[in-house]
Amino acid sequence: AAVSLAGNLGERDLKRLGERLRDDLAAQPHVSVVELDTPRPYEVSVEVSEYTLRRYGLTFSDVVAAIRGSSLNLPAGAIKDAGGDIRLQTRGQAYDRFEFEQIPVVTARDGTQVLLRDVATVVDGFEDIDVRTRFNDKPSHTLHVFVTSNPDTLKTSEVVHQWVEDTRPGLPPGVELSVWRDSSVPFKGRVDTLLKNGIGGLVLVFLVLVLFLRPRLAMWVCVGIGVAFVGTLFLLQYTNTSLNMISLFAFLLILGIVVDDAIIVGESIHARQVAGERGIAGAVNGTQAVIKPVMYAVISTMIFFVPMFFMPGDMAQAAMAIPSVVILALALSLVECLLILPPHLAHMPPVKPSRFAFLRRLEVQRLRFADGMTRMARQRYRPFLAVCLRHNLLVMALFFVLLIISLALYGGGWLRSAFFPSINSDYVVAEIELPEGGAFADTLSVLHQVESAALQIKQEYNEDPRYTTFGPAIGHIDSTGNANTIEVIIETVSDDVDTGELSERWRAAIGDLGPVQDFNLDYTINETGKPI
Numbered sequence: 151a152a153v154s155l156a157g158n159l160g161e162r163d164l165k166r167l168g169e170r171l172r173d174d175l176a177a178q179p180h181v182s183v184v185e186l187d188t189p190r191p192y193e194v195s196v197e198v199s200e201y202t203l204r205r206y207g208l209t210f211s212d213v214v215a216a217i218r219g220s221s222l223n224l225p226a227g228a229i230k231d232a233g234g235d236i237r238l239q240t241r242g243q244a245y246d247r248f249e250f251e252q253i254p255v256v257t258a259r260d261g262t263q264v265l266l267r268d269v270a271t272v273v274d275g276f277e278d279i280d281v282r283t284r285f286n287d288k289p290s291h292t293l294h295v296f297v298t299s300n301p302d303t304l305k306t307s308e309v310v311h312q313w314v315e316d317t318r319p320g321l322p323p324g325v326e327l328s329v330w331r332d333s334s335v336p337f338k339g340r341v342d343t344l345l346k347n348g349i350g351g352l353v354l355v356f357l358v359l360v361l362f363l364r365p366r367l368a369m370w371v372c373v374g375i376g377v378a379f380v381g382t383l384f385l386l387q388y389t390n391t392s393l394n395m396i397s398l399f400a401f402l403l404i405l406g407i408v409v410d411d412a413i414i415v416g417e418s419i420h421a422r423q424v425a426g427e428r429g430i431a432g433a434v435n436g437t438q439a440v441i442k443p444v445m446y447a448v449i450s451t452m453i454f455f456v457p458m459f460f461m462p463g464d465m466a467q468a469a470m471a472i473p474s475v476v477i478l479a480l481a482l483s484l485v486e487c488l489l490i491l492p493p494h495l496a497h498m499p500p501v502k503p504s505r506f507a508f509l510r511r512l513e514v515q516r517l518r519f520a521d522g523m524t525r526m527a528r529q530r531y532r533p534f535l536a537v538c539l540r541h542n543l544l545v546m547a548l549f550f551v552l553l554i555i556s557l558a559l560y561g562g563g564w565l566r567s568a569f570f571p572s573i574n575s576d577y578v579v580a581e582i583e584l585p586e587g588g589a590f591a592d593t594l595s596v597l598h599q600v601e602s603a604a605l606q607i608k609q610e611y612n613e614d615p616r617y618t619t620f621g622p623a624i625g626h627i628d629s630t631g632n633a634n635t636i637e638v639i640i641e642t643v644s645d646d647v648d649t650g651e652l653s654e655r656w657r658a659a660i661g662d663l664g665p666v667q668d669f670n671l672d673y674t675i676n677e678t679g680k681p682i
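What follows is the structure, encoded as structure tokens:
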């Protein structure tokens with residue numbers, strides 16, 4: 151997450167306030183590292199005039215040597231002791247204007263000194279670079295919050311938001327503190343998607359199995375699937391994998407695969423029990439009938455993900471979460487469906503009429519539906535399958551024709567496709583590059599034009615009753631020090647806002663920017679395209 155500190159204070163006062171808030175935020179629980187991102191770093195400059203140097207008989211090199219020899223921390227060895235070594239160091243590093251002014255440049259034999267303040271003007275300020283950072287039309291600094299050890303993204307986000315609420319009342323008038331680019335928002339969305347899809351999938355599996363098999367069997371199959379996922383979550387801590395965006399994607403990826411093997415084994419055992427093989431014999435024979443294809447399918451899928459363990463480059467550590475989750479989930483699912491599920495199904499009692507009339511009527515309807523589907527499979531599907539097998543060449547030709555038709559639909563433009571479809575993000579980013587060598591005032595003028603348009607769009611959305619909260623507008627000139635580069639960001643905090651529509655409205659509000667070299671307005675999570 152990022153916390154923006156914005157206000158119409160002096161640059162030094164705003165930075166000192168940011169440093170104090172940085173130390174306070176870093177002391178909060180569940181917060182590991184806080185970095186203060188400021189436009190310009192501190193700089194102490196020494197301005198020496200040639201007249202003053204001649205007056206004291208000095209050269210510029212003499213002043214440089216005096217500063218270099220006096221403003222430093224000098225190691226002085228160590229004192230060995232039974233309790234350990236004591237490191238000695240002479241601390242003489244100067245940090246502010248007063249300390250630099252006290253540096254002696256010349257020391258006479260009688261002890262009198264010519265100090266740096268006597269021969270030079272010391273300016274305690276900031277590095278002279280053309281960089282500005284603004285938040286909601288105010289100068290700003292940014293606190294970047296990182297979690298390194300035992301990460302808990304959601305808890306850290308909660309702590310940061312609470313800290314911001316507690317800190318705001320004590321800020322100087324006109325200074326605001328805002329959280330933006332909170333990575334816990336997409337993470338929580340991914341968790342909600344996983345839970346929603348997982349629960350929905352289990353409900354569908356249970357209902358389908360109840361319709362065709364038995365409620366008790368459906369229950370044990372669904373419990374086994376849940377156990378496999380819970381076991382995977384428990385074992386992830388031993389694989390140096392955390393619950394992050396990539397591992398959650400792996401859970402979504404494996405969600406539909408884990409279900410299959412338990413259903414296959416459960417249906418095979420049920421078929422044996424219906425045929426008269428009760429108890430342990432039916433469970434063993436039913437499992438043995440499908441053990442080879444189930445194992446081959448699961449193991450081949452696990453092998454498919456093994457190469458991801460050996461990916462080179464910076465993404466290797468992050469990509470390892472995918473095979474770790476997939477292999478653990480499939481292995482636990484295989485153990486559950488082959489070793490745990492059969493004993494449960496072996497001890498299922500015979501079907502008995504319920505003592506409740508409602509459940510008896512429901513069971514009659516369920517059996518009627520299951521028998522109807524079984525009759526359709528035997529009387530309709532099996533003869534149709536036999537005909538297809540007898541005329542296999544004709545069937546292959548028919549599918550080949552359908553394939554050609556599908557390719558023709560794609561080639562003719564009727565069926566559109568995209569390998570990397572554009573997915574709207576929560577941000578709209580305007581990137582502007584002006585010609586090299588231009589005046590910094592021109593860059594500030596373009597920044598003001600783009601930022602004013604963003605604030606205008608923000609006000610329009612906030613006044614629209616269809617939207618609850620819109621979000622802040624952030625503008626800043628590229629922090630690398632390129633005075634010709636501008637980046638302005640609008641963050642939306644409401645799912646009702648279409649960032650595509652927002653992008654078009656912002657583009658219209660910006661108008662003509664004059665002689666800019668590149669102008670790109672992006673609202674997707676994909677890589678941006680070519681500049682316009």
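The sequence shown maps to residues 151 to 682 in my numbering. Just so it is clear, CB atoms sit at the ideal spot from N, CA and C, and this is done for glycine as well.
Check, Outcome
"At least 3 beta-carbon pairs within less than 8 Å: the segment 491-500 vs the segment 379-386", "no"
"Pick from A156, Q609 and N390 that is closest to P322, judged by C-alpha positions", "A156"
"Endpoints, alpha helix (DSSP H) assigned at E315", "T303 to T317"
"Which of helix, strand or coil DSSP assigns to I682", "Confidence at I682 is low in this model, with a pLDDT of 43, below 50, so the placement of that residue should be treated as unreliable; the coordinate-derived value is given next. Three-state result, I682: coil."
"L186 (DSSP reduced to helix, strand or coil)", "strand"
"The segment 633-640 in contact with the segment 587-605 per 3-pair CB rule at 8 Å", "yes"
"Buried versus exposed call for G168 [16 or more other C-beta atoms within 10 Å across all chains shown]", "buried"
"A151 versus G339 - alpha carbon distance", "16 Å"
"Assigned secondary structure, F669 (DSSP; H/G/I helix, E/B strand, else coil)", "strand"
"In DSSP terms, what K288 is bridged to", "F285"
"Nearest-angstrom Cβ-Cβ length linking V476 and A527, presumed shorter than 8 Å", "With 8 Å as the limit, V476 and A527 do not qualify as a contact, their Cβ atoms being about 33 Å apart."
"Exposure of K502, with buried meaning 16 or more beta-carbon neighbours within 10 Å", "exposed"
"C-alpha gap between V329 and V281, whole angstroms", "22 Å"
"CA-to-CA distance, F454 to L539, given in whole angstroms", "32 Å"
"Cα-Cα separation, V325 to D174", "17 Å"
"Touching by the beta-carbon criterion (3+ pairs, under 8 Å), the segment 651-661 and the segment 572-582", "yes"
"Residue range of the alpha helix (DSSP H) that includes I375", "P365 to L385"
"Range covered by the beta strand (DSSP E) that runs through F276", "A270 to F276"
"D648 classed as buried or exposed, judged by whether at least 16 other C-beta atoms fall within 10 angstroms", "exposed"
"Buried or exposed by the 16-neighbour rule on C-beta atoms within 10 Å, applied to W370", "buried"
"Assigned exposure category for E486 - 16 Cβ within 10 Å defines buried", "buried"
"With 16 other Cβ atoms within 10 Å as the buried cut-off, status of M470", "buried"
"Separation of V184 from L293, as counted between CA atoms", "6 Å"
"Proximity of Y673 and N612 at Cβ, strictly below 7 Å", "no"
"Anticipated Cβ contact below 8 Å, L208 with V256, distance rounded", "7 Å"
"W656, DSSP secondary structure in three states", "helix"
"Contacts around A479, its chain only, beta-carbon distance under 7 Å, and the 5 residues preceding and following it disregarded", "A378, F379, T382, I404 and V408"
"Buried/exposed call for A466, threshold 16 Cβ in 10 Å", "exposed"
"C-alpha gap between I253 and S290, whole angstroms", "34 Å"
"Cα-Cα separation, G563 to Y446", "40 Å"
"Buried versus exposed, by CB contacts within 10 Å (16 or more), T619", "The predicted model places T619 with a pLDDT of 47, which falls under 50 and marks its position as unreliable; any figure quoted below should be read in that light. With fewer than 16 Cβ atoms within 10 Å of its Cβ, T619 is classed as exposed."
"Three-state secondary structure (DSSP) of F506", "coil"
"Euclidean distance between Cα positions of S629 and D278", "Reliability of the predicted coordinates at S629 is poor, the pLDDT of 43 falling under 50, and the value obtained from them is presented with this limitation in mind. Rounded to whole angstroms, S629 to D278 spans 13 Å at the Cα level."
"Spatial distance of G432 from V440 (CA atoms)", "13 Å"
"Residues that S154 bridges to, as DSSP identifies them", "T292 and S328"
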